[in-house]
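See structure below.
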Amino acid sequence: MSTSKPAQLPSTYKALVFSSASAPPIVESLPTPAPEPGSVIVRPLYSWVFNYAAEIYAQGNPRSYPVNFPIVGGGNAIGRVAAVSHDTRCLKVGDLVTVEPAIKERDAGRANLPTPRVIGLSLNGTWAELVQVPLENAIPIDEAALQKRNISIKDLAFYPQLLVAYGGFRDVGLTAGETVLITPATGNFGGAAVHVALAMGARVIAMGRNEKILAELKAVAPEKVETLTLSGSVDTDIAALAKYGPIDVFQDFTPPMATNVSHIQAGILSVRIGGRISFMGNIKDLEIPYRAIVYRALKIYGTLMYTREQALDMLKMIETGTLKLGPGAGLTTKGVFKLEEGNAALEFAAREAGAGRTVHFTPNEE
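Under numbering that gives the first Met the number 0, the letters of the sequence shown match residues 0 to 365, in that order.
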């Protein structure tokens with residue numbers, strides 16, 4: 000059985016702290032927490048910097064995310080367990096794990112919950128030398144399987160970007176041989192969804208506005224990926240989609256800042272009778288074609304992130320080589336930054352991160 004080893008931890012650790020949504024981050028020394036029951040301390044190796052991170056933490060938070068300032072940023076990481084609590088049964092100090100941001104409340108019933116808690120929004124996050132997370136948010140990785148397939152930890156750090164789409168696909172029951180429409184496919188999650196859908200055996204129609212990125216997605220699997228440029232017109236998009244035959248699944252990631260959402264209407268109206276729709280975006284309101292949904296027996300699923308079981312299953316896809324990682328698979332790490340380069344990292348991610356491209360902090364080295 001694992002045991003807590005607080006003596007191995009320093010008395011303080013460095014973290015990238017945001018005091019408000021309009022102030023630049025500062026690297027501060029914070030007191031090292033003791034591993035509380037039901038939690039572990041993780042030493043992040045790669046912590047994802049998503050391309051809209053600057054908006055949330057330093058540019059006024061126009062997306063209105065529920066951030067509990069002051070806070071240490073970052074929600075995801077690949078790292079090693081640094082200390083465990085007395086009730087930890089399986090994880091050991093030194094184990095390679097992923098840190099998952101969404102907290103599933105242990106005492107939740109069926110009643111509606113208040114705003115979900117998220118690491119990096121509600122609790123101090125992974126842009127730090129240490130982070131304390133609920134035990135169930137640290138998911139073990141089969142490091143021997145990675146080594147067998149020459150998968151580096153750096154390439155594995157693309158995993159959080161890929162996992163979100165997998166949760167939605169699992170919820171709608173995507174199966175091999177089906178055709179899936181992904182919109183917009185040129186952002187963080189939509190681009191990642193193309194890779195995940197291909198690994199699950201699906202044919203992909205990727206729609207977006209950035210033609211350069213669409214061409215890159217097409218090049219990943221030319222015989223299985225079709226691309227379309229969003230027109231801004233429902234009728235035009237429906238006509239374009241009709242050329243590719245019946246669509247079994249439609250997955251959408253429209254962000255809250257979108258002003259033209261005609262592609263969502265077009266997507267819904269292009270799904271075959273009995274097809275499924277996966278909403279994973281963050282727009283507040285949407286007018287839907289109610290009658291068409293009823294007459295075509297369409298099933299709409301709303302998915303926030305993914306479950307722990309789905310995370311474990313996706314790790315298995317990576318560990319077995321089913322889902323390829325790295326530049327050869329079209330997934331490139333564009334930059335890595337120290338915590339002291341906080342502003343530069345956020346600015347770089349805003350320019351360079353996105354579909355097939357990721358940026359990370361490296362709080363610790365090994």
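A virtual CB, placed ideally from N, CA and C, is assigned to each residue, including glycine.
Closest by CA to ALA143, which one among VAL132, ALA137 and SER151?
SER151
Under 8 Å Cβ to Cβ from GLN7, same chain only, skipping five residues before and after it: list those, please.
Around GLN7: ALA81, ALA82 and VAL92.
How many angstroms separate the CA atom of THR2 from the CA atom of PRO32?
Confidence at THR2 is low in this model, with a pLDDT of 42, below 50, so the placement of that residue should be treated as unreliable; the coordinate-derived value is given next. Distance between the alpha carbons of THR2 and PRO32 is about 16 Å.
Does the Cβ-Cβ distance between GLY166 and MET316 come in under 8 Å?
no
Decide yes or no for the touch test of the region 217-237 against the region 128-144: beta carbon pairs closer than 8 Å, at least 3 of them.
no
Determine whether the beta carbon atoms of ASN75 and SER46 lie at a separation below 8 Å.
Against a cut-off of 8 Å, the Cβ pair of SER46 and ASN75 comes out as a contact.
Reduced DSSP secondary structure (H/G/I, E/B, other) of SER1
A caution first: SER1 carries a pLDDT of 40, below 50, which makes its placement in the model too unreliable to give a value.
Any chain D beta carbon closer than 8 Å to ILE138:
The structure shown contains no chain D, having only a single protein chain.
Buried versus exposed, by CB contacts within 10 Å (16 or more), PRO44:
Residue identity check: residue 44 is Leu in the sequence provided, not Pro. LEU44 should be labelled buried.
Shortest alpha-carbon distance to ARG88 belongs to which of VAL260, PHE347 and ALA137?
ALA137
Can you tell me the Cα-Cα spacing of ALA214 and ILE272, whole angstroms?
The straight-line gap from Cα to Cα measures roughly 30 Å.
As assigned by DSSP and simplified to three states, the class of ARG88:
Coil.
Excluding five sequence neighbours on each side, which residues of the same chain lie with their C-beta closer than 7 Å to the C-beta of ILE370?
No answer is possible for residue 370: the residues shown for the chain start at 0 and end at 365.
Taking the continuous beta strand (DSSP E) assigned at GLY273, which residues delimit it?
270-278
Could you tell me which of GLN309, VAL71, PHE278 and MET279 sits nearest to GLU27, measuring between CA atoms?
Nearest in C-alpha terms to GLU27, of all of GLN309, VAL71, PHE278 and MET279, is VAL71.
Roughly how many whole angstroms lie between the Cα atoms of HIS359 and LEU29?
Rounded to whole angstroms, HIS359 to LEU29 spans 21 Å at the Cα level.
Could you pull out every residue in the same chain whose Cβ sits closer than 8 Å to the Cβ of VAL285, ignoring the five residues on either side in sequence?
The amino acid at residue 285 is misidentified as Val; the sequence shows Leu. Answer for LEU285: VAL260 and ILE263, listed in chain order.
Alpha-carbon to alpha-carbon, VAL117 and ARG62:
15 Å
Measuring only the C-alpha atoms, how far is GLU339 from ILE140?
28 Å
Can you say whether GLY176 is buried or exposed, counting buried as having 16 or more other CB atoms within 10 angstroms of its CB?
exposed
Straight-line gap, GLU318 to LEU324 (C-alpha atoms, nearest Å)
10 Å
CB-CB under 7 Å to VAL11, same chain, minus the five flanking residues each way: which ones, in chain order?
Here residue 11 is Thr; the residue named in the question, Val, does not match the sequence. Excluding positions up to five away in sequence, the list reads SER28, LEU29, PRO30 and THR31.
Buried or exposed: which applies to ALA14, given that a residue is buried once 16 or more other Cβ atoms fall within 10 Å of its Cβ?
buried
CA nearest to the CA of GLY266, picked from PHE249, TYR243 and THR114:
Between GLY266 and the set PHE249, TYR243 and THR114, the nearest pair of CA atoms involves PHE249.
Hey, quick one: how far does the beta strand (DSSP E) through MET206 stretch, first residue to last?
Bounds of the beta strand (DSSP E) holding MET206 are 202-207.
Beta-ladder partner(s) of GLU225, from DSSP
ILE204
Could you tell me the distance, in whole angstroms, from the CA atom of VAL195 to the CA atom of GLU351?
21 Å
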